[in-house]
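Per our numbering: the sequence shown ends with 190, consecutive numbering throughout.
Below is one structure; the comments refer to it alone.
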Amino acid sequence: MLSNKTDIVKQIIEGKHELSNKIQNSQKPLIIIGESALNLNSGKYIFEGMKNYLSSLNKINDEWNSLNILLKNASSAGSYDLNILSSTENENLVYKKTLNNEFEIIFLIGQDNIDFKKQKEFIVYIGSHGDKGAELADIILPGLLTQNKMVISQI
Numbered sequence: 036m037l038s039n040k041t042d043i044v045k046q047i048i049e050g051k052h053e054l055s056n057k058i059q060n061s062q063k064p065l066i067i068i069g070e071s072a073l074n075l076n077s078g079k080y081i082f083e084g085m086k087n088y089l090s091s092l093n094k095i096n097d098e099w100n101s102l103n104i105l106l107k108n109a110s111s112a113g114s115y116d117l118n119i120l121s122s123t124e125n126e127n128l129v130y131k132k133t134l135n136n137e138f139e140i141i142f143l144i145g146q147d148n149i150d151f152k153k154q155k156e157f158i159v160y161i162g163s164h165g166d167k168g169a170e171l172a173d174i175i176l177p178g179l180l181t182q183n184k185m186v187i188s189q190i
C-alpha cells in the first residue's frame, strides 16, 4: 500500500519512483486502485495516468490486465455489468428511473432506505424490518435474518 497522495502516482507513471522499475520488470504486475480514489478530484488523472503508463509497458494486453479497481460494495461490479450504475455519468440509472417513476413494478429486497414519492408503482418489499421500503409497499413478504438462516440450516 502506498501513500494516499496523488503525487506518488505521478512519480510512478513518470518513472521516478522505486516501484516504476519493479512494475516494468514484472511479468504480471497487479495494480489495485480503490473506488474511493476514483471519486477524488484527481480520480480521472489517477486512473487514466496509470492505465496509459501500464499500456505503454504492455502490462495491459489481451493476456493480462494489470490495472484493477477494488469496489466498496460487492454488488457494484454486477451493477456496472447490468447498466444499473453508469460508469460514464457517475450515477445510479435504476435509482434515477425510480425517482422519476418510470417503473410499473418495483421489488425492494432488503432495500431499507429508499426514499421517493410513490405514484402508480406496484411495490413488493421483501425484508426483515419495517422501514421506508416496507412503508411504500403494496405487498410485504418476510425475509430471513442471518441468525434465522443459521438455525434453519442446522435443522
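Glycine included, each C-beta is placed from N, C-alpha and C at the ideal position.
Which residues DSSP lists as bridging residue i, in chain order
i: Val159; result: Phe142, Ile174
i: Gly69; result: Leu105
i: Glu126; result: Ser121
i: Asn100; result: Ile95
Expected contact under 8 Å - CB spacing of residue i and residue j to nearest Å
i: Leu89; j: Ser101; result: 5 Å
i: Phe138; j: Glu156; result: 6 Å
i: Lys131; j: Asn148; result: So it is not a contact: roughly 16 Å between Cβ atoms.
Proximity below 9 Å, CB of residue i to CB of residue j
i: Ile43; j: Leu105; result: no
i: Gly113; j: Ile144; result: no
i: Tyr160; j: Leu176; result: yes
i: Leu73; j: Phe82; result: yes
i: Ile48; j: Asn87; result: yes
i: Phe151; j: Leu171; result: yes
Alpha carbon of residue i to alpha carbon of residue j, nearest angstrom
i: Asn96; j: Ile140; result: 43 Å
i: Ser55; j: Ser71; result: 23 Å
i: Pro64; j: His52; result: 15 Å
i: Lys79; j: Gly162; result: 38 Å
i: Lys153; j: Leu128; result: 18 Å
i: Ser38; j: Gln46; result: 12 Å
i: Glu98; j: Gly50; result: 24 Å
i: Ser111; j: Gly84; result: 23 Å
i: Asn103; j: Tyr115; result: 14 Å
i: Ser61; j: Leu117; result: 34 Å
i: Ile174; j: Lys94; result: 52 Å
i: Asn136; j: Ala169; result: 17 Å
i: Ile158; j: Ser77; result: 40 Å
Reference residue i; option with closest CA among the options
i: Lys40; options: Ile58, Leu75, Gln62; result: Leu75
i: Asn108; options: Ile174, Ala172, Gly69; result: Gly69
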